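Below is one structure, written out as structure tokens; comments come after it.
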Amino acid sequence: MASRTYSWDSERAYLVGLSRAFGGALLFALPVLMTMETWDLGAQMNRLRLAVLIVGLLPLLVGLAFYLGFERVTSLFDAVLDAFVAIAVAALLAIAILFVFGVLDPEDPAHEWIGKIALQGIAGSIGALLAQSQFGQAKRDEHRRREGGVFAEYFFMAAGALFLSANVAPTEEVAVIAHMMNPWHALVLIILSLALMHAFVYVVGFKGQHARAEHVSLPREFVRFTVIGYLLAAAISAFICWCLGRFDGVAATEILSITIVLAFPAAIGAAAARLVL
Amino acid sequence: MASSKTKRASHRPHPETPILEWLLGGIGCALVIACIAFLIYQGVNDGERPGRLISKVLSVTDTGDGYVARFTIHNAGSQALANLHVRARLLDSDRREVERATVVIDYVPGHSLQQGGFYFQHDPRKLEVEIRGEGYQKP
Chain A
40 MASRTYSWDS ERAYLVGLSR AFGGALLFAL PVLMTMETWD LGAQMNRLRL
90 AVLIVGLLPL LVGLAFYLGF ERVTSLFDAV LDAFVAIAVA ALLAIAILFV
140 FGVLDPEDPA HEWIGKIALQ GIAGSIGALL AQSQFGQAKR DEHRRREGGV
190 FAEYFFMAAG ALFLSANVAP TEEVAVIAHM MNPWHALVLI ILSLALMHAF
240 VYVVGFKGQH ARAEHVSLPR EFVRFTVIGY LLAAAISAFI CWCLGRFDGV
290 AATEILSITI VLAFPAAIGA AAARLVL
Chain B
173 MASSKTKRAS HRPHPETPIL EWLLGGIGCA LVIACIAFLI YQGVNDGERP
223 GRLISKVLSV TDTGDGYVAR FTIHNAGSQA LANLHVRARL LDSDRREVER
273 ATVVIDYVPG HSLQQGGFYF QHDPRKLEVE IRGEGYQKP
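Taken in order, these protein sequences are the chains called A and B.
Here the working numbering = 1-based position in the first sequence + 39.
Here the working numbering = 1-based position in the second sequence + 172.
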């Protein structure tokens, strides 16, 4: 039964999974693909920071693939392979779509192409990975989800935060909103982010809602997931802003409010990821 | 009980990885490595140096009430230029200015070419055309 003879069936099944990955990448990357700032930023942003951003994305994708994978099938090696497949899918998709849009011009220099595609690849590769492993057709009783524990929850939150903040960060509006807010607005936004994060996961009853364990007190659960999740979201927001050069030549107070503004969608993304994944 | 059995089977590493997965994984890996290598190379070597602007008149069209001179401008530096102001002057044989026209080009990446046009009253074909950059903003 478990013979090593090669079967084309697995190839065909993989092809189906792959089309799903393209679908997921398209769904997740489309808002970014159709945002003008991301084309320009990809081409203009500091080269080394773009490299840092891509290097930072890799472990996140591998971790996602590992924790989302099925216990029986997914080894760490498979997760690495999955992550690279997701990147290939996202890159091919970005090239195809941007070419159709006329954003990619064959006459443009190579570094423009690479910048544009690399920045689009972030959202797309997360989407491809989710579609590949999450919306898969594995039979429930045959494949058991890996038990992740607290660390997996943090991983999912980081992925959700990265996805949403990477979508929003390239737009001018983040800096504009930060500029219009006074310190009281910022404070309210932090409290709102925390409250919504907590409500998303524990209160409003979405499918996948987490039940608080009996022996764990509410404040402890709040600190363990919501507060740490928010800090994670804020850190990722700040990292993305730095990579995109949003902090260059900006005063410290402005940096703080930009981070708080971007941490809002990132926090929602982190909370939603806990529910969905 | 079936699940505990399948769990133990997990020690056999990736039973049947499809060739297609290998292929795409390889492409992704190569893309990432190439991309990072290229970015680091560029980041370390190229920096952001402004350079010469090289322009050329492509064609002149008679519009009835004047002329349009289509031109290209090539940014030979590695610094991307935003809001590049370009001025064209028509000079007679004594290099006296007969007419001038200006255009603002949104964005010219490093080592790249952009196109535009100048509107003139005089026929640029009968005069000398001098095209110069006046200033830019760092994007």
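For glycine and all other residues, C-beta sits at the position ideal for the given N, C-alpha and C.
It should be emphasised that the depicted structure is a prediction, and the values quoted were computed from it without experimental measurement.
Around the beta carbon of T77 (chain A), 16 or more other beta carbons lie within 10 angstroms, which makes this residue buried.
Using a Cβ distance threshold of 8 Å, P222 (chain B) and A82 (chain A) do not count as a contacting pair. Minimum Cα-Cα distance from L137 (chain A) among the listed residues A:V242, A:A273 and A:D79 corresponds to A:D79. Beta-bridge analysis with DSSP links E293 (chain A) to no other residue. It is roughly 7 Å from the alpha-carbon of A60 (chain A) to the alpha-carbon of A125 (chain A). With respect to the C-alpha of L66 (chain A), the residue from A:L314, A:R86, A:L132 and A:V119 having the closest C-alpha is A:L132.
Assigned with DSSP and collapsed to three states, A208 (chain A) falls in coil, not helix or strand.
With the criterion set as a beta carbon lying under 9 Å from some beta carbon of chain B, the members of the stretch 130-153 of chain A are A130, L131, E146, D147, P148, A149, H150, E151 and I153, in sequence order. Within the same chain, Cβ atoms closer than 6 Å to the Cβ of A273 (chain A) are found at T298 and A302, the five residues on either side in sequence being excluded. Here the alpha carbons of S256 (chain A) and T189 (chain B) stand approximately 45 Å from one another. Judged by DSSP in its simplified three-state form, L225 (chain B) adopts strand. Taken in chain order, the members of the stretch 199-226 of chain B whose beta-carbon sits within less than 7 Å of a beta-carbon on chain A are I199, G200, C201, L203, V204, C207, I208, F210, L211, I212, Q214 and G215. Under the Cβ criterion (8 Å, minimum of three pairs), the stretch 266-286 of chain A counts as touching the stretch 81-101 of chain A. The residue from B:L253, B:R242 and B:Q309 with its alpha-carbon nearest to that of G288 (chain B) is B:R242. Judged by DSSP secondary structure, N217 (chain B) falls within the alpha helix (DSSP H) whose first and last residues are I191 to N217.
Your pair A104 (chain A) and L57 (chain A) does not check out as a contact, with CB atoms roughly 14 Å apart and the cut at 8 Å.
Look at R313 (chain A): its C-beta is not under 8 Å from any C-beta on chain B.
Taking Y279 (chain B) as the centre and dropping the five residues before and after it, the same chain places the C-beta of A254 closer than 6 Å to its C-beta, in chain order. Apart from the 5 residues on each side of it in sequence, G62 (chain A) sits with its Cβ closer than 7 Å to the Cβ of A170 in its chain, given in chain order. The stretch 265-275 of chain B and the stretch 205-216 of chain B do not touch, with fewer than three beta-carbon pairs separated by less than 8 Å. Not flagged as an interface residue toward chain B: S296 (chain A), since no C-beta distance is shorter than 8 Å. Taking the beta carbon of H283 (chain B) as reference, the chain A residues within 7 Å of it are P148, listed in sequence order. Inclusion of G200 (chain B) and F123 (chain A) in the CB contact set at 8 Å is warranted, their separation being smaller than that value.
D237 (chain B) carries a coil assignment under DSSP once its states are collapsed to helix, strand and coil. Annotation: Q159 (chain A) has no Cβ neighbours in chain B at a cutoff of 7 Å; minimum Cβ distance is about 12 Å. Sequence-ordered contacts of the stretch 62-86 of chain A with chain B read D79, A82, Q83, N85 and R86 [C-beta pairs closer than 9 Å]. Legend: CB atoms of the stretch 223-255 of chain B lying less than 7 Å from CB atoms of chain A belong to residues A252. Assignment of beta-bridge partners to E269 (chain B) by DSSP yields B:L263.
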